[in-house]
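Peer 1: Residue numbering for the sequence shown is -8 to 196, as defined by the numbering used here.
For each residue, glycine too, the CB sits at the ideal point set by N, CA and C.
Computed from a predicted structure; not experimentally measured.
Could you have a look at this structure, given as C-alpha cells, before my questions?
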Amino acid sequence: MSFYKQVTSKPWEYQAPVPGSGPETVFGSESEKIALTLFLVVVSVIFSLLTVTYYLRMDIGDWVPLSDPSMLWFNTGLLVVSSILFQYSRTKAQGEENVSSIKLAFFVGGVCAVLFVGGQLFVWQQLASNGLGVGSNPSSAFFYLLTGMHGLHLVGGLWVWSKTSLRLFGSTDVGDSRLSIELCTTYWHFLLVLWVLLFAVLANT
C-alpha cells in the first residue's frame, strides 16, 4: 500500500478482504486501525489548541459567560446511549451472535447520534432566538465553534455509519462488516469522550 493511499484513505470505511489473501488481510486491517488512530490524534490536537485559545480569550474583559442550555444534558444522554449501542453491536459481532440484535443495535445507535445532532441544532436555535448569535459575544462565538466542529466530525461518522448499515442489512453475515463496526465504535467512543470534555469546559466557564 503506497504512502499516498494510506494518507488519503478513509480508515473506518473498510471493505472486506478477499478470502485467501494471506498476509495482506492482516496488514490491511491493522493499517486501517493505525490510520484511524493517527486521525484521532490529529483531531485531539486541534481541539486541544481550540480549548487553550478558549481559556486565553476568556481572560479578556469583554467576555460574558454563557448560560448553558439544559438541552445539552439531554443531548449528552443521547450520545452516551449511542456509544453503548455501538459497543453492544461491536461485542456481539466478534462472535456473530444474534445477527438481528447486532443490526438493530448498530442502527439505533446511529439514530441516537442523528438525534444528538438535531438537538445541538435546536440549542443553536434557542440561543439565536435569545439574542445570543455568533457575533453577540466572544463566549457565544466559541460555543458555536466548538460545538460546530464536534458536530461536523459526528456527521462525517454518520456518513460512514449509513454506508456500513446498508452493507450490514444487505447481508445475513456480519463478517464483511465486522471491522467497520469496530472502527465506527472506536470513533464514537472518541467523540463521546471529546464531547464530555467540551461540555465540562463550557459548563464551568
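Of all the options Met62, Val32, Val90, which has the alpha carbon lying nearest to the alpha carbon of leucine 118?
Peer 2: In the sequence shown, the residue the question calls residue 118 occupies position 127. When each option's Cα is compared against that of leucine 118, the closest is Met62.
Peer 1: Would you call the stretch 39 to 54 and the stretch 123 to 137 touching, i.e. three or more CB-CB distances under 8 Å?
Peer 2: Flag = yes, the stretch 39 to 54 and the stretch 123 to 137 touch.
Peer 1: Can you look up asparagine 89 in the DSSP assignment and give me helix, strand or coil?
Peer 2: For the purposes of this step, residue 89 is taken as residue 98 along the sequence shown, with counting starting at 1. Three-state result, asparagine 89: coil.
Peer 1: How about the stretch 158 to 166 and the stretch 31 to 49: do they share at least three Cβ pairs that are nearer than 8 Å?
Peer 2: Contact between the stretch 158 to 166 and the stretch 31 to 49 is absent, because fewer than three Cβ pairs lie under 8 Å.
Peer 1: For valine 32 and isoleucine 172, what's the separation of their Cα atoms in angstroms?
Peer 2: As a first step, residue 32 is located in the sequence shown; it is residue number 41 there, counting from the start. As a first step, residue 172 is located in the sequence shown; it is residue number 181 there, counting from the start. Using only the alpha carbons, I get a separation of about 20 Å.
Peer 1: What is the DSSP secondary structure of asparagine 195, reduced to helix, strand or coil?
Peer 2: In the sequence shown, counting from the first residue as 1, residue 195 sits at position 204. In the structure shown, asparagine 195 sits in coil (DSSP, three-state: anything other than H, G, I, E or B).
Peer 1: Taking the alpha carbon of cysteine 103 as the reference point, which residue from Leu145, Pro60, Tyr135 has its own alpha carbon closest?
Peer 2: The count along the sequence shown starts at 1 and reaches residue 103 at position 112. Cα-wise, what sits closest to cysteine 103 is Leu145.
Peer 1: So, with DSSP's three-state summary, where would you put threonine 163?
Peer 2: What you label residue 163 is simply residue 172 of the sequence shown in a count that begins at 1. Here threonine 163 sits in coil by DSSP.
Peer 1: Helix, strand or coil: how does DSSP classify leucine 123 here?
Peer 2: Looking up residue 123 in the sequence shown gives position 132. Looking at leucine 123 - three-state DSSP - the assignment turns out to be coil, as it is neither helix nor strand.
Peer 1: Considering only the alpha carbon of each residue, which of Arg48, Leu183, Phe30, Asn195 lies closest to valine 108?
Peer 2: Mapped onto the sequence shown, residue 108 falls at position 117. Residue Leu183 is the option with its Cα nearest to valine 108.
Peer 1: Less than 7 Å between C-beta atoms, sequence neighbours within five positions excluded: which residues of the same chain meet that for phenylalanine 98?
Peer 2: Position 107 of the sequence shown, counted from the first residue, corresponds to residue 98. So the qualifying residues of the chain are Ser156.
Peer 1: For isoleucine 51, which of helix, strand or coil comes out of DSSP?
Peer 2: Working through the sequence shown from its first residue, we reach residue 51 at position 60. Looking at isoleucine 51 - three-state DSSP - the assignment turns out to be coil, as it is neither helix nor strand.
Peer 1: Is the beta carbon of leucine 185 sitting closer than 8 Å to the one on histidine 141?
Peer 2: By 1-based counting over the sequence shown, the position of residue 185 is 194. By 1-based counting over the sequence shown, the position of residue 141 is 150. Cβ distance < 8 Å, so leucine 185 and histidine 141 count as in contact.
Peer 1: Any idea if tryptophan 64 is buried or exposed, counting beta-carbon neighbours within 10 angstroms, 16 or more meaning buried?
Peer 2: Within the sequence shown, residue 64 is the residue found at index 73, counting from 1. Its Cβ having fewer than 16 others within 10 Å, tryptophan 64 is exposed.
Peer 1: Under the three-state reduction of DSSP, which class applies to proline 60: helix, strand or coil?
Peer 2: Within the sequence shown, the letter at position 69 stands for residue 60. Three-state result, proline 60: coil.
Peer 1: When the Cα atoms are used, what is the spatial distance from tyrosine 135 to arginine 169?
Peer 2: Here the question's residue 135 lines up with position 144 in the sequence shown. Here the question's residue 169 lines up with position 178 in the sequence shown. Distance between the alpha carbons of tyrosine 135 and arginine 169 is about 35 Å.
Peer 1: So serine 22 packs on histidine 180, CB below 8 Å; how close in whole Å?
Peer 2: Taking the sequence shown and counting its residues from 1, one reaches residue 22 at position 31. Taking the sequence shown and counting its residues from 1, one reaches residue 180 at position 189. Not really, about 20 Å apart at Cβ, beyond 8 Å.
Peer 1: Looking at the structure shown, is asparagine 128 part of a helix, part of a strand, or coil, going by DSSP?
Peer 2: As a working note, residue 128 is residue 137 in the sequence shown. Note: asparagine 128 maps to coil in three-state DSSP.
Peer 1: Does alanine 96 pass the burial test, meaning 16 or more other C-beta atoms within 10 Å, or should it be called exposed?
Peer 2: Against the sequence shown, residue 96 aligns to sequence position 105. Buried, since its Cβ has 16 or more Cβ neighbours within 10 Å.
Peer 1: Does the CB of leucine 31 have a neighbour CB from chain D at under 8 Å?
Peer 2: Note that chain D does not occur in the displayed structure, where there is just one protein chain.
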